[in-house]
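Trainee: Heads up, the sequence shown is in the working numbering, so the first residue is 3 and it goes up one at a time. Beta carbons are placed, not taken as given, at the ideal position from N, Cα and C, and that holds for glycine. What follows is a structure written as structure tokens; I'll ask about it next.
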Amino acid sequence: MSQPGLAVHLLRIAIVLAAIFNVLALIVMVRTTPIAFTVFMFVGQPLFVIAFVLLLGAVLADLKARQIL
Numbered sequence: 003m004s005q006p007g008l009a010v011h012l013l014r015i016a017i018v019l020a021a022i023f024n025v026l027a028l029i030v031m032v033r034t035t036p037i038a039f040t041v042f043m044f045v046g047q048p049l050f051v052i053a054f055v056l057l058l059g060a061v062l063a064d065l066k067a068r069q070i071l
């Protein structure tokens, strides 16, 4: 897989993970139950961190492909 293709793939995965995080956050905001909050804390927060790391990786891969970094 080429570097630009890798960056696009990482961005797509990051967008999906961030969307799942947002859905979990919406569920917690609309209907706060102990189970929903626990799932949000143990699943949602790590999903957001993984999405951020993938976004950072995609940006760095794009900068390397353009020979800026």
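So what does DSSP say about residue 47, is it helix, strand or coil?
Mentor: Residue state, collapsed to three classes: helix.
Trainee: So, under 8 Å CB-CB, residue 42 and residue 26 are touching, yes? Tell me the CB distance rounded to an integer number of Å.
Mentor: Confirmed, about 5 Å.
Trainee: Using the Cα positions of residue 16 and residue 49, report the straight-line distance between them to the nearest angstrom.
Mentor: Taking the straight line joining both Cα atoms gives about 9 Å.
Trainee: Give every residue of the same chain whose Cβ lies closer than 6 Å to the Cβ of residue 8, excluding the five residues on either side of it in the sequence, and list them in chain order.
Mentor: Counting only Cβ-Cβ distances below 6 Å, and skipping sequence neighbours, we find 63.
Trainee: From residue 67 to residue 33, what distance separates their C-alpha atoms?
Mentor: Taking the straight line from one Cα to the other gives about 45 Å.
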